[in-house]
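Here's the structure we're looking at; comments come further down.
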Amino acid sequence: MTTNRIGVFGANGRMGLALLEAATIKEQTQLTGAYVRSSSSLLGINVNQVNSAADSAVSFSVESEVNNVDVLIDFTLPQGMRNHLKTAVAQKLPMVIGTTGLNADDMALLNDAAKHIPIVFARNYSVGVNVLLNLVQTAATKFGDDLDIEIFEAHHRHKIDAPSGTALAIGESIADAKGWNHDEVAVYDRSQVETAKSQNEIGYSVLRGGDIVGEHTAYFATMGERLELTHKASSRMTFALGAVRAACWLQNKPAGLYDMQDVLDLK
Numbered sequence: 439m440t441t442n443r444i445g446v447f448g449a450n451g452r453m454g455l456a457l458l459e460a461a462t463i464k465e466q467t468q469l470t471g472a473y474v475r476s477s478s479s480l481l482g483i484n485v486n487q488v489n490s491a492a493d494s495a496v497s498f499s500v501e502s503e504v505n506n507v508d509v510l511i512d513f514t515l516p517q518g519m520r521n522h523l524k525t526a527v528a529q530k531l532p533m534v535i536g537t538t539g540l541n542a543d544d545m546a547l548l549n550d551a552a553k554h555i556p557i558v559f560a561r562n563y564s565v566g567v568n569v570l571l572n573l574v575q576t577a578a579t580k581f582g583d584d585l586d587i588e589i590f591e592a593h594h595r596h597k598i599d600a601p602s603g604t605a606l607a608i609g610e611s612i613a614d615a616k617g618w619n620h621d622e623v624a625v626y627d628r629s630q631v632e633t634a635k636s637q638n639e640i641g642y643s644v645l646r647g648g649d650i651v652g653e654h655t656a657y658f659a660t661m662g663e664r665l666e667l668t669h670k671a672s673s674r675m676t677f678a679l680g681a682v683r684a685a686c687w688l689q690n691k692p693a694g695l696y697d698m699q700d701v702l703d704l705k
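If you're matching positions, the sequence shown starts at 439 in my numbering and goes up one per residue.
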């Protein structure tokens with residue numbers, strides 16, 4: 439049985455700590471790298487002193503000291519991801535990326551890097567959310583055109599990007615099913631709109647508060663009935679275990695840009 443050696447960027451963050459635990463407890467994986475910024479006070483400290491469930495001999499080290507790993511996982515902010523991507527390409531290491539809030543230039547970097555290494559990029563690594571992406575496409579195609587589509591998402595107060603990457607993935611899946619250009623039909627603010635809602639749009643609404651891990655609902659409303667498809671995450675371990683699953687799946691894959699739908703064989 440092959441063991442996948444996992445290295446985690448941003449290992450001291452909320453998701454980073456969950457990833458350390460997931461890489462420790464999941465079968466066929468071994469945590470061999472926990473990378474933080476050079477200014478971090480955790481440098482040299484064993485990871486299990488910060489997360490006791492991450493029972494590993496690995497200590498926190500600087501991001502420039504990537505070695506002894508088979509695949510890298512990155513859930514950091516876009517600026518950090520850009521630097522980590524360079525490291526992965528230089529060392530020809532597969533990479534799992536869960537960074538959200540990426541712009542067009544970031545996506546161009548991902549596509550270019552994927553010519554050299556295999557990359558799984560997904561806005562959400564939950565199995566349930568990726569099943570939801572399929573369900574919303576079915577709903578979008580089965581209802582008629584006289585349909586109002588709205589997406590609501592809620593996260594903890596520390597989440598910066600809005601709407602969330604997962605909400606956008608849901609909207610993009612619906613737009614694909616309807617044959618729409620998502621950027622043309624997405625509506626993020628109605629505060630200045632004085633006309634009735636169009637059926638050819640996807641509206642987004644956002645809540646930020648407390649410690650909400652993640653909730654997403656797609657609404658399909660017609661005159662007389664409403665379908666609500668909801669996913670609620672109660673633990674970051676849901677996403678961390680999915681990311682580690684993706685890391686194992688990447689083993690021996692050719693260079694290319696993949697997503698969680700590929701990992702779960704949902705396409």
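Each residue gets a CB set at the ideal place from its N, CA and C atoms; glycine is no exception.
Out of Leu481, Val485, Leu515, state which residue places its alpha-carbon closest to the alpha-carbon of Ser502. Leu481
Rounded C-alpha distance that separates Leu667 from Ile650: 18 angstroms
Just to confirm, is the Cβ distance from Ala460 to Val701 under 7 angstroms? no
Buried versus exposed call for Gly662 [16 or more other C-beta atoms within 10 Å across all chains shown]: exposed
How would you label Asp508, buried or exposed, when you count the other beta carbons within 10 angstroms and need 16 or more for buried? buried
Assigned secondary structure, Gln637 (DSSP; H/G/I helix, E/B strand, else coil): coil
Please identify the residue among Arg452, Thr441, Glu653 whose C-alpha is closest to the C-alpha of Gln466. Thr441
For Val625 and Arg639, believed in contact at Cβ under 8 angstroms, the rounded distance: The residue asked about is misnamed: residue 639 is Glu in this sequence, not Arg. Glu639 to Val625, Cβ: 5 angstroms. Contact.
Touching by the beta-carbon criterion (3+ pairs, under 8 angstroms), the segment 679 to 699 and the segment 547 to 563: yes
Give the single residue among Gln529, Val574, Leu573, Arg520 whose Cα lies nearest to the Cα of Asn549. Arg520
CB-CB under 6 angstroms to Lys705, same chain, minus the five flanking residues each way: which ones, in chain order? Gln699
Could you have a look at Asn568 and say whether DSSP puts it in helix, strand or coil? helix
Would you mind listing the beta strand (DSSP E) stretches within the segment 528 to 606 that are 3+ residues and don't spill past its ends, in chain order? 533 to 535, 556 to 559, 586 to 593
Could you pull out every unbroken alpha helix (DSSP H) segment of at least 4 residues lying fully inside the segment 662 to 690, listed in chain order? 675 to 687
Per-residue burial, Leu606 [other beta carbons within 10 Å of its own, 16 or more giving buried]: buried
Closer than 8 angstroms is the cut-off here; do at least three beta carbon pairs connect the segment 487 to 497 with the segment 509 to 516? no
Can you check DSSP and say which residues form a bridge with Thr655? Phe590, Thr668
Contacts around Met675, its chain only, beta-carbon distance under 6 angstroms, and the 5 residues preceding and following it disregarded: Ala456
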